[in-house]
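A short write-up of the structure that comes next.
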């Protein structure tokens, strides 16, 4: 592009009349245009796959029970808008191709955000040379020292998604003073359990062993994820609490610090029992189909009896006590989310074990509602999460430095305390 501008006589004549700043602005806009073009290309690729009926290999679907039409609009969409057999013709490769391209639209906003807000993004670092998808993006707040290091694990039903497609979540956290490590990991069905957790463990170990180079030494660490990523995040966090015989989890509870907090949002936390969704009469068949497909792709032939961390929720429910201090838990879900019950069970299990637990239920909200920061419910979610992190980290810092805490109290005698939660107007400014 730059070489063309230099040699093309018309372009050279035009740009002679422009300032350097105007030329750079044009180049940035042109780069965003190219990314938008790649997005359109991926969308048209999906339409082409649909038109030509790309075959999708899958097992004969299990017989589903008939459900009541609580989700009547979904049922009408399935019966009258989506052509018969469309799901069978759309290949998983086409879905992944489309999803891989969709993140380019988001990267436009990331670039705009870099110009407006002090967040530095270091892309495609390697946390392991031996893993197929061992890449990590590091979102780092500029200026003050980060409050904590957060390992972020994206969702996508264990089969799709990437660190790029889920960029808003780590970006928002970095905007509020956290250094975030957003990782790619191997996806099912080509890489079933425990591949994702092997990669998550590798990223965790890499963060710990390179903490000085990464400038996170002495910082508390947090693990977070949503949907299927919440399952991986919860399993990784639980593996730090007591010894497990599974190969990927060995030594985590003995050699590495436990997370200060675990943040599983709208999580699919018990993968081995998708049959429980059939007992919910309000769910349409295609929703339970997708949950079955995610379960089958992730599990393959894994036996939960010998690999308990495939269901981290069940591990917590059956745990009598932890050998280490329980981390704090923040979890949230919409009441219209099919995975609502998993979050309710997680809240009860964490409270029973004595963990500080903050659970939030957003009335009428759908799956992954928090990923749309222009909506009021999403802004409320982020405000609650940021307030939770601030309180938990203050307590963790006070427990590590009790002498400093007492001296700071004596210096602040007679001063008024401030509310740790941010006002909605402040948060809206930070996410728009």
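Residue numbers (our numbering): 23 to 454.
For glycine and all other residues, C-beta sits at the position ideal for the given N, C-alpha and C.
Note that the structure is a prediction, hence the values are computed from the model and not measured.
Cβ-Cβ distance between residue i and residue j below 7 Å
i, j, result
"residue 414", "residue 350", "yes"
"residue 290", "residue 237", "no"
"residue 184", "residue 159", "no"
"residue 358", "residue 263", "no"
"residue 319", "residue 203", "no"
"residue 188", "residue 176", "yes"
"residue 284", "residue 247", "no"
"residue 256", "residue 286", "yes"
"residue 201", "residue 171", "yes"
"residue 281", "residue 254", "no"
"residue 8", "residue 380", "Residue 8 is absent from the structure shown; the chain starts at 23 and stops at 454."
Run of the alpha helix (DSSP H) containing residue i, from where it starts to where it stops
i, result
"residue 410", "398-422"
"residue 334", "334-340"
"residue 368", "362-374"
"residue 358", "Unbroken run through residue 358: none, as it is neither H nor E."
"residue 276", "274-277"
"residue 13", "Residue 13 lies beyond the residue range present for the chain, which begins at 23 and ends at 454; the question has no answer from this structure."
Paired residues, beta bridge with residue i - DSSP
i, result
"residue 380", "352"
"residue 287", "248"
"residue 201", "171"
"residue 243", "171"
"residue 296", "Beta-bridge pairing links residue 296 to no other residue."
"residue 162", "142"
"residue 157", "148"
Buried versus exposed, by CB contacts within 10 Å (16 or more), residue i
i, result
"residue 42", "exposed"
"residue 144", "exposed"
"residue 382", "buried"
"residue 169", "buried"
"residue 140", "exposed"
"residue 396", "exposed"
"residue 243", "buried"
"residue 186", "buried"
"residue 386", "exposed"
"residue 342", "exposed"
N-terminal and C-terminal residue of the beta strand (DSSP E) that residue i is part of
i, result
"residue 142", "141-148"
"residue 261", "First-last for residue 261: undefined, no H or E at that position."
"residue 324", "Looking at the DSSP string, residue 324 is not in any beta strand (DSSP E), and its letter there is neither H nor E."
Taking three-plus beta-carbon pairs below 8 Å as touching, is the region 220-231 in contact with the region 360-372? no
Inter-stretch contact at 8 Å, needing at least 3 Cβ pairs: the region 329-349 / the region 256-273: yes
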